[in-house]
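Take the sequence shown: its position 126, counting from 1, is numbered 126 in our numbering, and each next residue is one higher.
Backbone N, C-alpha and C define an ideal beta-carbon position, used for all residues, glycine too.
These notes are about the structure you will find just below.
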Amino acid sequence: MFNIKKYNSLKSQIPSDVTIIAVSKTKPIEDLQEAYEIGVRDFGENYVQELVEKHEKLPKDIRWHFIGHLQSNKVKFIAPFVELIHGVDSEKLLNEINKQGKKINRKINCLLQVYIAKEETKFGMDEEELQQVIAVLPELEFVNICGLMGMASFTDNEQIIKSEFNYLQKLFQSTSRLGGLRGPSKQLPPWGTEGALSMGMSADYKTAIECGSNMIRIGSMLFGERNYNH
Ligand SMILES: *Cc1c(COP(=O)(O)O)cnc(C)c1O
């Protein structure tokens, strides 16, 4: 079930320039339909096959965000319709996205995922890898880098979360000031002229917004707890 009350209250709490991605992974089509009916258009999914199936069944004006860890061999399945790929964390993956984009003549919007958590389990690039990837962007004509994405440590310690988000915001500001992020694209993403800084989930979105996030990925708070956690 989609919690309309929680959604409306979330919307009224946050600045209007912050995009809510309704993270619907593992949830049935009916839940997404309920959200769609009250106007939700941005949905986030973590698994390629699930995303493809939901895209086929649901209205075509939905903006699908891929927020999981994307394997290079699966890029082709989502390239024709995905709105934004949040978790791009290697040059290899970028090259594949560029290749698939070229095949269908579509520039694919991406965020570069930066590793900000102290935990070993999270995906993402460090600062050095990020700079290396930024350096090759001019060659990738069909990749449209729109900003950065990151996930904070899974902890109740607000100070740790804050310092991780602040670090990502600083990187975001310095890289976009250099013009580094946009690569060859002349196209501005639809999420404001600043680009997208995707950080914050159900547990830490408030802190994330304080630290400059303009895109929050909210799952369990809107759709209820998931049966399994990835
Ligand atoms: C599942 C997931 C979310 C949503 O998490 P909640 O805690 O349910 O809000 C956000 N971002 C990513 C990358 C996820 O995998």
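Reference residue i, options the options, closest by Cα
| i | options | result |
| --- | --- | --- |
| residue 32 | 51, 15, 16 | 51 |
| residue 96 | 61, 38, 141, 59 | 141 |
| residue 58 | 46, 48, 30, 38 | 30 |
| residue 216 | 43, 138, 104, 119 | 43 |
| residue 99 | 132, 76, 39 | 76 |
| residue 115 | 105, 74, 20, 166 | 166 |
| residue 205 | 10, 137, 106 | 10 |
| residue 72 | 61, 88, 172, 65 | 88 |
| residue 13 | 220, 158, 85, 209 | 209 |
| residue 168 | 117, 201, 144, 53 | 117 |
| residue 159 | 211, 78, 127, 112 | 211 |
| residue 224 | 18, 28, 139, 112 | 28 |
| residue 23 | 37, 17, 41, 8 | 41 |
| residue 174 | 131, 69, 81 | 131 |
| residue 85 | 112, 170, 55 | 112 |
| residue 105 | 45, 91, 93, 79 | 79 |
| residue 69 | 163, 149, 176 | 149 |
| residue 61 | 74, 134, 39, 53 | 39 |
Where residue i sits in the DSSP three-state scheme
| i | result |
| --- | --- |
| residue 109 | strand |
| residue 81 | coil |
| residue 183 | Residue placement at residue 183 is poorly supported in this model, since its pLDDT is 49, which falls under 50; the coordinates still yield a value, given next. Residue 183 falls in the coil class under three-state DSSP. |
| residue 119 | coil |
| residue 148 | strand |
| residue 67 | coil |
| residue 216 | strand |
| residue 230 | Since pLDDT at residue 230 reaches only 47, below the 50 mark, its modelled position is unreliable, and no value is offered. |
| residue 14 | coil |
| residue 2 | coil |
| residue 157 | coil |
| residue 26 | coil |
| residue 9 | helix |
| residue 74 | helix |
| residue 134 | helix |
| residue 209 | helix |
| residue 60 | coil |
In DSSP terms, what residue i is bridged to
| i | result |
| --- | --- |
| residue 201 | Paired residues: none, contrary to the question. |
| residue 143 | 108 |
| residue 124 | Paired residues: none, contrary to the question. |
| residue 196 | 147 |
| residue 114 | 125, 150 |
| residue 88 | 112 |
Limits of the unbroken beta strand (DSSP E) element including residue i
| i | result |
| --- | --- |
| residue 23 | 19–23 |
| residue 44 | 42–45 |
Limits of the alpha helix (DSSP H) - the one that residue i falls within
| i | result |
| --- | --- |
| residue 221 | 220–223 |
| residue 96 | 91–103 |
| residue 55 | 48–57 |
| residue 31 | 29–37 |
Nearest-angstrom beta carbon gap, residue j and residue i [assumed within contact, 8 Å]
| i | j | result |
| --- | --- | --- |
| residue 83 | residue 63 | 4 Å |
| residue 6 | residue 222 | 6 Å |
| residue 197 | residue 147 | 5 Å |
| residue 45 | residue 67 | 7 Å |
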